[in-house]
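Notes follow once the structure below has been shown.
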Amino acid sequence: MASLGDRTLIRPDDRLGVREGVARSLRPVPDDARGVWYGLGGLTVFVALMQALTGAYLTLYYVPTSDRAYSSVSYVTNYLHYGWLVRSIHASGAQLMAVFIVVHVVRVYASASYAHPRELTWIAGVLLLVTAMSFVLTGDLLPWDQRAVSSTIFISGLLGQVPVVGHALVRLLTGGAPAGEPMLLRSYVAHVVLLPAAFVGLFLAHLWMARTQDVSQPGAVDRGNDAS
Amino acid sequence: MADPMTLAERPVANVDARSARGEFAAPVDEDLGAERPDTVDRRAEVLGADDARRATDADSTTTASHSTDILISQATAVLLVLCAYLVLAILLPPHLGPKASATAASADVRPAWYLLPLYGYARLVPPALAILSPVAFLVVLGAVPFIDRAGVRTPAGRAAALALGVALAVGLVLLAVIGTRAV
Numbered sequence: 008m009a010s011l012g013d014r015t016l017i018r019p020d021d022r023l024g025v026r027e028g029v030a031r032s033l034r035p036v037p038d039d040a041r042g043v044w045y046g047l048g049g050l051t052v053f054v055a056l057m058q059a060l061t062g063a064y065l066t067l068y069y070v071p072t073s074d075r076a077y078s079s080v081s082y083v084t085n086y087l088h089y090g091w092l093v094r095s096i097h098a099s100g101a102q103l104m105a106v107f108i109v110v111h112v113v114r115v116y117a118s119a120s121y122a123h124p125r126e127l128t129w130i131a132g133v134l135l136l137v138t139a140m141s142f143v144l145t146g147d148l149l150p151w152d153q154r155a156v157s158s159t160i161f162i163s164g165l166l167g168q169v170p171v172v173g174h175a176l177v178r179l180l181t182g183g184a185p186a187g188e189p190m191l192l193r194s195y196v197a198h199v200v201l202l203p204a205a206f207v208g209l210f211l212a213h214l215w216m217a218r219t220q221d222v223s224q225p226g227a228v229d230r231g232n233d234a235s
Numbered sequence: 279m280a281d282p283m284t285l286a287e288r289p290v291a292n293v294d295a296r297s298a299r300g301e302f303a304a305p306v307d308e309d310l311g312a313e314r315p316d317t318v319d320r321r322a323e324v325l326g327a328d329d330a331r332r333a334t335d336a337d338s339t340t341t342a343s344h345s346t347d348i349l350i351s352q353a354t355a356v357l358l359v360l361c362a363y364l365v366l367a368i369l370l371p372p373h374l375g376p377k378a379s380a381t382a383a384s385a386d387v388r389p390a391w392y393l394l395p396l397y398g399y400a401r402l403v404p405p406a407l408a409i410l411s412p413v414a415f416l417v418v419l420g421a422v423p424f425i426d427r428a429g430v431r432t433p434a435g436r437a438a439a440l441a442l443g444v445a446l447a448v449g450l451v452l453l454a455v456i457g458t459r460a461v
C-alpha cells in the first residue's frame with residue numbers, strides 16, 4: 008500500500024534532501040578533530056543560542072524609544088525577578104562569543120583549514136565575525152545611558168569622515184540625528200531582526216559546508232585536486 | 279571483481295585506508311549504518327567476505343566508542359561555559375550609567391575589552407583610516423584562502439603565515455593597551 012506521502016505527492020525528502028543531510032551530519036568525526044580546539048565552533052553556537060534566549064526575554068520588557076529605553080533597562084536590572092541575571096548573561100555571552108570566535112579563527116588560520124575546498128566556509132565564517140561585531144555595536148546603544156550615547160556620537164563622527172560615502176552612511180545609520188530616536192530604533196531593529204536573520208542564514212551555510220566537506224585533516228597538503 | 283584470496287591477505291589498515299578514500303562509499307543513507315548487511319555485501323564484492331566483515335567491525339567499534347567520548351567532552355565543555363557565564367554575570371555585571379541627556383558632558387566612550395584594539399587604533403590614526411583600515415583588514419581576512427594557495431597545513435610548512443599571525447596578535451594586544459589608556 009502506498010504511503011500517504013506517495014499518494015499525496017508530498018515527499019519532503021525528495022525536495023529537501025533531509026535524509027541525506029541527516030546522514031551527513033551523523034558521520035563520525037575523524038580522530039584528528041576530536042580535541043577541544045575543534046569544538047570552539049560548537050561552543051559559539053551554544054553561546055549564540057543563549058544570546059537568542061536571553062535576548063528574546065529582554066525584548067519582552069525593552070521599549071525602544073528615547074524616553075523609555077533607559078527606564079525599561081533599569082526596570083529589568085533593578086526590579087524584575089532575576090532580570091539582572093538575564094541581562095548579565097546576555098552581556099557575558101557577548102564576551103564569551105568574542106573569545107570563542109577569535110580562538111576558532113586562530114585555530115582555523117593556524118591549521119590552514121581554509122584551504123581548498125573550504126574557501127566559502129571561511130568566507131561565511133568571516134561574515135559571521137562581522138555580524139557578531141555588528142551585534143555588539145548595535146546592542147551597545149540600547150541601554151540609552153550617557154556612555155552609550157557618547158560612544159555612538161564618537162563612532163558617527165568617525166564614519167562621517169569616510170570619503171565619498173561617509174555622510175550617506177551616517178544618515179543611513181542615524182536617520183540624520185546622531186544619538187536621536189531614529190538611531191535608537193534603527194539599532195534596535197538591526198539588533199533583534201536584521202542581524203539575527205543574517206546570523207542564522209550565514210550560520211546554516213557555514214555549518215552545511217563544514218559538514219558536507221568534512222573536517223580538514225591536520226598536516227595534510229591540499230593542492231586543490233582532492234576533496235579531503 | 280577482485281580475487282578474494284589475494285585481498286584476504288591484505289592487512290586491515292590497508293582496507294581502512296581504501297575505505298577512507300571512499301572506494302567503498304555506499305549511498306549516503308547506507309552510510310548511517312556500516313554494520314548493515316547490504317553494506318557488508320557491497321564490500322564483500324570488492325574485498326572478499328572476511329576482510330569486508332573485519333573492516334565493517336572496525337568502523338562500528340571506532341564510531342561507537344568515540345561517540346561516548348565526544349558526548350562526555352561536549353557536555354563537560356558546555357558545563358564549563360555555563361560556569362563561566364555565572365562567574366562573569368556575578369563578578370562583572372553590565373554597567374548602567376546615568377540616563378543620556380543632551381546637556382550632560384560626554385562620558386567615557388571606551389568600549390568593551392574585546393573592542394579595545396579597534397578603539398586604540400581609532401585614537402592613533404585619522405578618523406577615516408580608523409574606519410577604512412578595519413574594513414580592509416576584514417576583506418583581506420576573507421581573501422586569505424585565495425592568497426595562501428599552497429595548501430600546506432603543517433605548522434613547519436607555513437612558518438611565515440604563523441609569524442604574521444603572531445605579529446598581528448601582538449599588535450592587537452598593544453592597541454588594546456593603548457585603547458585602555460586613551461580617554
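The listed protein sequences derive, respectively, from chains A and B. With my numbering applied, the first sequence corresponds to residues 8 to 235, in that order. With my numbering applied, the second sequence corresponds to residues 279 to 461, in that order. For glycine and all other residues, C-beta sits at the position ideal for the given N, C-alpha and C. Nothing here was measured: the structure is a model prediction, and the numbers come from that model.
Using a Cβ cut-off of 8 angstroms, pull out every chain A residue sitting near residue i, in sequence order please.
| i | result |
| --- | --- |
| valine 356 of chain B | Leu50 and Phe53 |
| arginine 436 of chain B | Ala119 |
Can you look up residue i in the DSSP assignment and give me helix, strand or coil?
| i | result |
| --- | --- |
| valine 172 of chain A | coil |
| aspartate 21 of chain A | helix |
| aspartate 347 of chain B | helix |
| aspartate 74 of chain A | coil |
| valine 461 of chain B | coil |
| aspartate 147 of chain A | helix |
| valine 387 of chain B | coil |
| valine 403 of chain B | coil |
| valine 430 of chain B | strand |
| aspartate 233 of chain A | Legend: pLDDT at aspartate 233 of chain A = 44, less than 50; position of this residue unreliable, value from coordinates given subsequently. It is coil, neither helix nor strand. |
Would you tell me roughly how many angstroms separate the C-alpha atoms of residue i and residue j, rounded to the nearest one?
| i | j | result |
| --- | --- | --- |
| tyrosine 68 of chain A | valine 80 of chain A | 8 angstroms |
| valine 200 of chain A | phenylalanine 107 of chain A | 23 angstroms |
| arginine 75 of chain A | tryptophan 151 of chain A | 9 angstroms |
| valine 448 of chain B | leucine 23 of chain A | 46 angstroms |
| arginine 401 of chain B | leucine 136 of chain A | 23 angstroms |
| glutamate 126 of chain A | leucine 416 of chain B | 15 angstroms |
| alanine 476 of chain B | leucine 202 of chain A | Since the first and last residues shown for chain B are 279 and 461, residue 476 of chain B lies out of range. |
| serine 343 of chain B | proline 35 of chain A | The predicted position of serine 343 of chain B is uncertain, since its pLDDT is 45 and thus under 50; no value can be drawn from it. |
| valine 387 of chain B | valine 365 of chain B | 25 angstroms |
| aspartate 329 of chain B | leucine 349 of chain B | Any reading at aspartate 329 of chain B must be qualified, since the residue scores a pLDDT of 49, below 50, and its modelled position is unreliable; the value itself is stated next. Distance between the alpha carbons of aspartate 329 of chain B and leucine 349 of chain B is about 30 angstroms. |
| valine 177 of chain A | leucine 446 of chain B | 30 angstroms |
| alanine 437 of chain B | alanine 380 of chain B | 53 angstroms |
| leucine 419 of chain B | valine 133 of chain A | 7 angstroms |
| glycine 435 of chain B | arginine 218 of chain A | 26 angstroms |
| serine 351 of chain B | glycine 42 of chain A | 9 angstroms |
| tyrosine 116 of chain A | leucine 452 of chain B | 21 angstroms |
| leucine 442 of chain B | arginine 431 of chain B | 15 angstroms |
| threonine 181 of chain A | leucine 191 of chain A | 8 angstroms |
| tyrosine 82 of chain A | tyrosine 89 of chain A | 11 angstroms |
| alanine 175 of chain A | leucine 410 of chain B | 15 angstroms |
| valine 29 of chain A | valine 196 of chain A | 34 angstroms |
| alanine 212 of chain A | threonine 128 of chain A | 8 angstroms |
| arginine 26 of chain A | tryptophan 91 of chain A | 43 angstroms |
I want to verify the contact list: residues of chain A whose CB lies under 7 angstroms from the CB of residue i, in sequence order.
| i | result |
| --- | --- |
| alanine 385 of chain B | Gln153, Arg154 and Ser157 |
| leucine 419 of chain B | Val133 |
| isoleucine 409 of chain B | Leu165, Leu166 and Val169 |
| alanine 362 of chain B | Leu103 |
| alanine 367 of chain B | Leu92, Ser95, Ile96 and Ser99 |
| leucine 440 of chain B | Ala117 |
List, in order along the chain, the chain B residues whose C-beta lies closer than 9 angstroms to that of residue i?
| i | result |
| --- | --- |
| arginine 193 of chain A | By Cβ distance, chain B contributes nothing, its closest Cβ being about 16 angstroms from arginine 193 of chain A, past 9 angstroms. |
| threonine 84 of chain A | Pro371, Pro372 and Leu374 |
| valine 143 of chain A | Pro389, Ala390, Tyr392 and Leu393 |
Is the beta carbon of residue j closer than 8 angstroms to that of residue i?
| i | j | result |
| --- | --- | --- |
| leucine 165 of chain A | alanine 408 of chain B | yes |
| glutamine 102 of chain A | alanine 390 of chain B | yes |
| glycine 457 of chain B | glutamine 153 of chain A | no |
| threonine 145 of chain A | serine 194 of chain A | yes |
| proline 433 of chain B | alanine 122 of chain A | no |
| threonine 138 of chain A | methionine 104 of chain A | no |
| alanine 353 of chain B | isoleucine 96 of chain A | no |
| glycine 100 of chain A | threonine 66 of chain A | no |
| alanine 406 of chain B | glutamine 220 of chain A | no |
| tyrosine 77 of chain A | alanine 378 of chain B | yes |
| alanine 131 of chain A | leucine 209 of chain A | yes |
| valine 395 of chain B | leucine 450 of chain B | At residue 395 of chain B the sequence reads proline, which differs from the valine that was named. Cβ distance < 8 angstroms, so proline 395 of chain B and leucine 450 of chain B count as in contact. |
| alanine 155 of chain A | proline 372 of chain B | no |
Give the residues of chain B in contact with residue i, contact being defined as C-beta atoms less than 8 angstroms apart.
| i | result |
| --- | --- |
| valine 80 of chain A | Leu374 |
| tryptophan 129 of chain A | Gly420, Val422 and Pro423 |
| tyrosine 89 of chain A | Those do not exist, as tyrosine 89 of chain A stays about 11 angstroms from chain B at its closest Cβ, beyond 8 angstroms. |
Residue i versus chain B: which residues are under 7 angstroms apart at the beta carbon?
| i | result |
| --- | --- |
| phenylalanine 161 of chain A | Val387 |
| glycine 46 of chain A | Gln352 and Ala355 |
| proline 150 of chain A | Leu374 |
Which bits of chain A does residue i rub up against, with CB to CB less than 9 angstroms?
| i | result |
| --- | --- |
| valine 463 of chain B | The shown model of chain B, from 279 to 461, leaves out residue 463 of chain B, and the question about it has no answer. |
| leucine 443 of chain B | For clarity, residue 443 of chain B is glycine in the given sequence; the question names leucine instead. What glycine 443 of chain B touches in chain A: Val113, Tyr116 and Ala117. |
Just checking residue i against the ligand HEM - is the residue's beta carbon closer than 7 angstroms to any of the ligand's heavy atoms?
| i | result |
| --- | --- |
| leucine 211 of chain A | With respect to the ligand HEM, the structure offers nothing, as it holds no ligand at all. |
Measuring CB atoms only, is the stretch 182–202 of chain A touching the stretch 101–117 of chain A, in the sense that at least three cross pairs come out at less than 8 angstroms?
no
At least three beta-carbon pairs within less than 8 angstroms, the stretch 348–363 of chain B to the stretch 51–65 of chain A
yes
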